[in-house]
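*Asks:*
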Amino acid sequence: ELLKSESTFKNSEFTILECAVCVLENTSFQHYFKQQLEQFFEFISVVLNVAINGENVDFCVRILQSICVLNKQVFQKEVFSVLFIQKALQPAIKFLEIIPSQHVADSTASHLKFEIFKCMQQVLFPKTRSKEISLVFVSLFSEESGHRSVILEALFECVSSAVVNSPSDSTVHLFSSVFQAFVSSFKSDAKSVHKMFITLCYFVGFKPKIKLSSCG
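Residue numbering for the sequence shown is 16 to 231, as defined by the working numbering.
1) Cutting at 6 Å between CB atoms, please list the residues of its own chain near F44, excluding the five before and the five after it.
2) Which runs of the alpha helix (DSSP H) fall wholly inside the region 77-145 and span at least 4 residues, in chain order?
3) Find the nearest neighbour of E28 within the set K49, K146, F74, E40, judged by alpha-carbon distance.
4) Just reading off the alpha helix (DSSP H) that D204 is part of, what are its end residues?
5) Does the separation of the CB atoms of F140 and S199 fall below 9 Å?
6) Locate the alpha helix (DSSP H) running through S60, then write down its first and last residues.
7) Pull up the distance between the alpha-carbon of Q117 and that of T123, whole angstroms please.
8) Determine the closest residue to Q80 out of V94, D121, Q136, with distance taken between C-alpha atoms.
9) Identify whether F44 lies in helix, strand or coil by the three-state DSSP scheme.
10) Enumerate in chain order the residues of its own chain whose CB-to-CB distance from L98 is below 7 Å, with the five nearest sequence positions on each side excluded.
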């Protein structure tokens, strides 16, 4: 509640954000959050949105690093990934809109982009998930119901919602970031990269003339 209070931030926004991020970086709190993933991402969502309002890019970088650290520790990887999509992905992407600002140095902007892509790769598209995702795309493009992924379903729901509800700049950043992170993780799987591209095209209303059943 303190983070959400506008009156609190007049003179102490930076201090409160520093304290909030230190909570995320503290090993004792990380141990607690491993068992309370929903609370972790609710907290992340609030802190990210406050940091956005103050254009505090450095805080965003530290938050993303904290997400990566906890991702390595949790056993509920699937739940963690879905909550990341639902609570943290779009707020993190919004920071990319701040980059053109004169207040953001090139080195800081590059660091932010790197941390966003690294976080997406590790949380959404790790190597351990490559076979699962590849099989899901095979099922999707052959119109079969054999393989599903709650992570891809949550991601596509996020993308679909962004097309309808978010400003065009935010949507472009989201699509670009998702695709770049996917390509980086699946660069040795050209078929899956192609299918992800086709899928994203459909979300924005561009429908390539390809028979889905022919893309095995």
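Note that beta-carbon positions come from the ideal geometry of N, C-alpha and C, so glycine has one too.
*Replies:* This is what the structure holds:
1) Cβ neighbours of F44 beyond the five flanking positions: V38.
2) For the region 77-145, the full-length alpha helix (DSSP H) segments reaching 4 residues or more read 92-98, 105-109, 121-138 along the chain.
3) Among K49, K146, F74, E40, the Cα nearest to that of E28 is on F74.
4) Counting along the chain, D204 falls outside any alpha helix (DSSP H), and DSSP gives it neither H nor E.
5) Taking 9 Å as the Cβ cut-off, F140 and S199 qualify as a contacting pair.
6) Note, S60: alpha helix (DSSP H), 52-68.
7) Its pLDDT being 46, under 50, Q117 is placed unreliably by the model, and nothing is read from it.
8) Looking only at V94, D121, Q136, the smallest Cα-Cα distance to Q80 is reached by Q136.
9) DSSP places F44 in the helix class (H, G or I) of the three-state scheme.
10) Take L98, set aside five residues on each side of it, and the residues of its chain with a beta-carbon closer than 7 Å to its own are L52, E53, F56, in chain order.
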